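J.: Quick one: the structure is below, questions incoming.
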Amino acid sequence: MIEAITENGERREMTINMGPQHPSTHGVLRLELVLDGEVITRVKPHIGYLHRCFEKYAEKMDDYAKVIPYTDRMDYVSAMNQEHGYVVAIERMLELEVPERVEYIRVIMAELQRIASHLLGIGAFGLDLGAFTPFLYLFTEREKILDIFEKASGARLLYNYMAVAGLMRDVHPEFKEEVSDFVKTFRPKIKELDDLLSYNQIFIKRTANIGVLPDKVALNYAASGPVLRGSGVKWDLRKNDPYSIYDRFEFEIPVGSGEMGTLGDCWDRYIVRVREMEQSLRIIEQAVDGMPDEGDVMAAIPKRIRPKEGELYARTESPRGELGYYIVSDKSASPFRVKARAPSFVHLSMLPAISSGALIADMVAIVGSIDIVLGEVDR
Amino acid sequence: MVSAFKNSWITFKSIFTGMGVTIRHFFGPSVTLQYPDERAVLPKDTRAKLYVNIDDCIGCNLCARACPVNCIDIETVVATSDVDLGKTSTGNPKRFWLTRFDIDMAKCMYCDLCVHPCPTFCIYMVPEYEYSEYDRTNLIYHFSNLEPAMVAEVKEKAEKEAAEKQRQREEMMRKKAEEAKIKQMEAKKKAEENNSGENDAQSSKPENGDP
Chain A
1 MIEAITENGE RREMTINMGP QHPSTHGVLR LELVLDGEVI TRVKPHIGYL
51 HRCFEKYAEK MDDYAKVIPY TDRMDYVSAM NQEHGYVVAI ERMLELEVPE
101 RVEYIRVIMA ELQRIASHLL GIGAFGLDLG AFTPFLYLFT EREKILDIFE
151 KASGARLLYN YMAVAGLMRD VHPEFKEEVS DFVKTFRPKI KELDDLLSYN
201 QIFIKRTANI GVLPDKVALN YAASGPVLRG SGVKWDLRKN DPYSIYDRFE
251 FEIPVGSGEM GTLGDCWDRY IVRVREMEQS LRIIEQAVDG MPDEGDVMAA
301 IPKRIRPKEG ELYARTESPR GELGYYIVSD KSASPFRVKA RAPSFVHLSM
351 LPAISSGALI ADMVAIVGSI DIVLGEVDR
Chain B
380 MVSAFKNSWI TFKSIFTGMG VTIRHFFGPS VTLQYPDERA VLPKDTRAKL
430 YVNIDDCIGC NLCARACPVN CIDIETVVAT SDVDLGKTST GNPKRFWLTR
480 FDIDMAKCMY CDLCVHPCPT FCIYMVPEYE YSEYDRTNLI YHFSNLEPAM
530 VAEVKEKAEK EAAEKQRQRE EMMRKKAEEA KIKQMEAKKK AEENNSGEND
580 AQSSKPENGD P
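If you read the protein sequences in the order shown, they are chains A and B.
Every letter in the first sequence is one number past the one before it in this note's numbering, and letter 169, counting from 1, is 169.
For any residue, its number in this note's numbering is found by taking its place in the second sequence, counting from 1, and adding 379.
The following block contains the structure:
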């Protein structure tokens, strides 16, 4: 089916595949686009190219702690947040007390990771729309965060840094200094990003009024994170259902307001991420000030993890949205069932609802603005 | 008409604002490392490659059990009583010959979980990252320092001793069993005699009276 118009002059729909090797599908996603000329009438995402049986593996590990490196590999762009969600879930199951210092380090790490993840998300979004320069500048900043992580945990991407009720190793002595230095140097870079990309007219023309997601649709699809906040709904688990020690910090929840066009368009989702980075910096500053210098981060780690029989759902705010772990324990050494509620999966399922009627070229913008990671979609 | 000009002006301005940022970066310091010529200095506890200090290994198998991907393969043979393997640098006595200690770095996922349970701190990550190979089997690192002949000898010795011990144990068991049997038999006899004595008290009285 190549011709759009038949010999009799009837209109005919055309089906094309976008992906799985398309550079702007953020991994291995195949979108089946049904087109009427250049206008998309239907979209069908095909997933599963990166399926690695995370949930089944978790049942076969014979140890709750052995699952943590696998959670890293779900959303490899924000591994710290994935670990954080899992350890919070296990700690709630075991009703464990987590040392103060551990909590502070975790929050700093999680927020740094949020910034790193948003930097990649924003950078790749710009890259999809033809803005190559911001991508490189943002990656320079992301590199600094990864350097801090590497010094602390020994790895750059998949950290396996958080353990149940502790950390795998203590941070290096100059950790606080490095983090404060980063916060100082990073603030002006957000202004730079605004000049370069956020308020660039070409960028605005490509993103405003595109892929509009009304708040009601977002809520019906159970969207969360920046996608939901881009539609103007003030919902952040760090504030609305505080876990860890997030209730101690002062920060705001940035929401989209339809500044450049309609409420809930691609630009709104984008700008929420930019403003969230500023709020993350605020949290990091407060956490660095409050972090105790003394304390063994490995002392409270239990030798054997055997939760009571029962089930639990714990949710945390990952850079992409609500990351939930539903864990069922049957009192044995390995979990009976682990289910991860991945925000990327939920947001991807929303794609058909927000992209019918858009042009092919805008499809790239819409996929970029929901910021999915295929590792998390397929798990 | 006016709005069209206004829009053009805004677009023009925003492009040049961005250009300004780019030009500023142009005169800034370079951040790229020219890799083969320059190398980044890695922190000393970077997780890049597993290393085992085999002299300190006691063959406890904890690391292999902690590994989520089963990339550590350990085979141990009990040291016979005539050899003393000495102690590790941490003071733990060594009781096993390590006939095989293989780590498959192609399988390893650098999670660091094997490092923490080690009682003698002999398995750890080293910041060495340039070890690509053309053949995947070359990524299996053999840490055991025993020669094949030595391995065979050690195994034979251990088997012999185990067999000897097994034999001794069986002997012991048999003896015990026999003794128990005899005891049982005696007890039974006594009981029977008692019974018969009670039944026929008159006739058996003199016998019972004997010490």
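The beta carbon of each residue, even a glycine, is placed where N, CA and C say it ideally should be.
Note that the coordinates shown come from a computational prediction; the quantities given were computed from them, not determined experimentally.
Going by the DSSP bridge assignment, what does residue 359 of chain A pair with across the sheet?
T.: Answer is A:39, bridged to residue 359 of chain A.
J.: Apart from the five residues on each side of it in sequence, which residues of its chain come closer than 8 Å, Cβ to Cβ, to residue 219 of chain A?
T.: Excluding sequence neighbours, residue 219 of chain A sits near 228, 233.
J.: Inspect the beta-carbon positions of residue 272 of chain A and residue 198 of chain A and report whether they are closer than 8 Å.
T.: Contact: no.
J.: What span of residues does the alpha helix (DSSP H) with residue 104 of chain A cover, start to end?
T.: Counting along the chain, the alpha helix (DSSP H) containing residue 104 of chain A begins and ends at 100-128.
J.: Check each residue of the region 309-321 of chain A: if its Cβ is closer than 9 Å to any Cβ of chain B, include it; give the result in chain order.
T.: Correct list: empty, as no residue qualifies.
J.: Could you tell me the boundaries of the alpha helix (DSSP H) in which residue 186 of chain A lies?
T.: Where residue 186 of chain A is concerned, the enclosing alpha helix (DSSP H) stretches over 175-193.
J.: Rounded to the nearest angstrom, what separates residue 539 of chain B and residue 571 of chain B at their Cα positions?
T.: Those two C-alpha atoms are separated by around 47 Å.
J.: Just to confirm, are residue 16 of chain A and residue 358 of chain A a CB contact at a threshold of 8 Å?
T.: Cβ distance not < 8 Å, so residue 16 of chain A and residue 358 of chain A don't count as in contact.
J.: Against chain A, does residue 553 of chain B count as a neighbour if the rule is that its beta carbon must be under 8 Å from one of theirs?
T.: Chain A, which has no Cβ nearer than 8 Å to the Cβ of residue 553 of chain B, makes this no.
J.: Note down, in chain order, every chain C residue with its Cβ under 9 Å from the Cβ of residue 451 of chain B.
T.: This model lacks chain C altogether, as its protein chains are A and B.
J.: In chain B, what lies closer than 7 Å to residue 201 of chain A by C-beta?
T.: What residue 201 of chain A touches in chain B: 389, 390, 393.
J.: Assign residue 556 of chain B to one of three DSSP states: helix, strand, or coil.
T.: In this structure, residue 556 of chain B counts as helix in the three-state DSSP scheme.
J.: Taking residue 499 of chain B and residue 476 of chain B to be in contact with their CB atoms under 8 Å, please state how far apart those CB atoms are, rounded to whole angstroms.
T.: With a Cβ gap of about 16 Å, residue 499 of chain B and residue 476 of chain B do not count as contacting.
J.: Please confirm whether residue 470 of chain B has its beta-carbon closer than 8 Å to some beta-carbon of chain A.
T.: Chain A contact via Cβ: absent.
J.: Using DSSP with H/G/I as helix, E/B as strand and the rest coil, what is residue 172 of chain A?
T.: In this structure, residue 172 of chain A counts as coil in the three-state DSSP scheme.
J.: Which runs of the alpha helix (DSSP H) fall wholly inside the region 392-453 of chain B and span at least 4 residues, in chain order?
T.: Listed in chain order, the complete alpha helix (DSSP H) runs (minimum 4 residues) inside the region 392-453 of chain B are 441-445.
J.: Applying the 10 Å Cβ sphere with the 16-neighbour rule, what's the burial state of residue 52 of chain A?
T.: Label assigned to residue 52 of chain A: exposed.
J.: Kindly say whether residue 490 of chain B, judged by its beta-carbon, lies nearer than 8 Å to any beta-carbon of chain A.
T.: For residue 490 of chain B, the answer is yes, since a Cβ of chain A falls inside 8 Å of its Cβ.
J.: Can you check the region 253-320 of chain A for any beta strand (DSSP E) of at least 3 residues that lies completely inside it and give the ranges in chain order?
T.: Counting whole runs of 3 or more residues, the region 253-320 of chain A contains the beta strand (DSSP E) stretches 310-318.
J.: List, in order along the chain, the chain B residues whose C-beta lies closer than 7 Å to that of residue 137 of chain A?
T.: Per Cβ cutoff of 7 Å: 404.
J.: Would the beta-carbon of residue 105 of chain A fall within 8 Å of that of residue 277 of chain A?
T.: Against a cut-off of 8 Å, the Cβ pair of residue 277 of chain A and residue 105 of chain A comes out as no contact.
J.: Keeping to the same chain, check which residues put their C-beta closer than 6 Å to that of residue 328 of chain A; ignore five residues upstream and five downstream.
T.: Result list for residue 328 of chain A: 311, 336, 337, in chain order.
J.: Does any residue of chain B bring its CB to less than 8 Å from the CB of residue 285 of chain A?
T.: Not one chain B Cβ lies under 8 Å of residue 285 of chain A.
J.: Using 8 Å as the threshold, is the region 148-164 of chain A in touch with the region 358-372 of chain A, meaning 3 or more CB pairs across them?
T.: Flag = no, the region 148-164 of chain A and the region 358-372 of chain A do not touch.
J.: Tell me whether the beta-carbon of residue 128 of chain A lies closer than 8 Å to the beta-carbon of residue 207 of chain A.
T.: Not in contact: residue 128 of chain A and residue 207 of chain A (Cβ atoms no closer than 8 Å).
J.: Using beta carbons (cut-off 8 Å, strictly below), is residue 447 of chain B in contact with chain A?
T.: So yes, residue 447 of chain B belongs to the interface.
J.: Which residues of chain A have a Cβ atom closer than 7 Å to the Cβ of residue 424 of chain B, listed in chain order?
T.: Near residue 424 of chain B (Cβ distances below 7 Å), the residues of chain A are 154.
J.: Distance, Cα to Cα, residue 405 of chain B vs residue 255 of chain A?
T.: Their backbone Cα atoms lie some 34 Å apart in a straight line.
J.: I want to know whether the region 83-100 of chain A touches the region 307-323 of chain A - three or more CB-CB distances under 8 Å.
T.: The region 83-100 of chain A vs the region 307-323 of chain A: in contact.
J.: Going by alpha carbons, who is nearest to residue 288 of chain A out of A:249, A:371, A:297?
T.: Ranking the options by Cα distance to residue 288 of chain A, first place goes to A:249.
J.: So residue 61 of chain A contacts chain B; which residues on that side make the cut at Cβ distance below 7 Å?
T.: Residues of chain B passing the Cβ test: 447.
J.: Any idea what DSSP makes of residue 537 of chain B, helix, strand or coil?
T.: In the structure shown, residue 537 of chain B sits in a helix (DSSP, three-state: H, G or I).
J.: Grab me the residues of residue 282 of chain A's own chain with a C-beta within less than 6 Å of its C-beta, minus the 5 sequence neighbours each way, in chain order.
T.: Cβ within range, chain order: 251.
J.: Which residues in the same chain as residue 64 of chain A place their Cβ atom closer than 6 Å to its Cβ, once the five residues preceding and following it in sequence are excluded?
T.: Answer for residue 64 of chain A: 90, 305, listed in chain order.
J.: Is the beta carbon of residue 342 of chain A less than 8 Å from the beta carbon of residue 74 of chain A?
T.: Yes, the Cβ-Cβ distance between residue 342 of chain A and residue 74 of chain A is below 8 Å.
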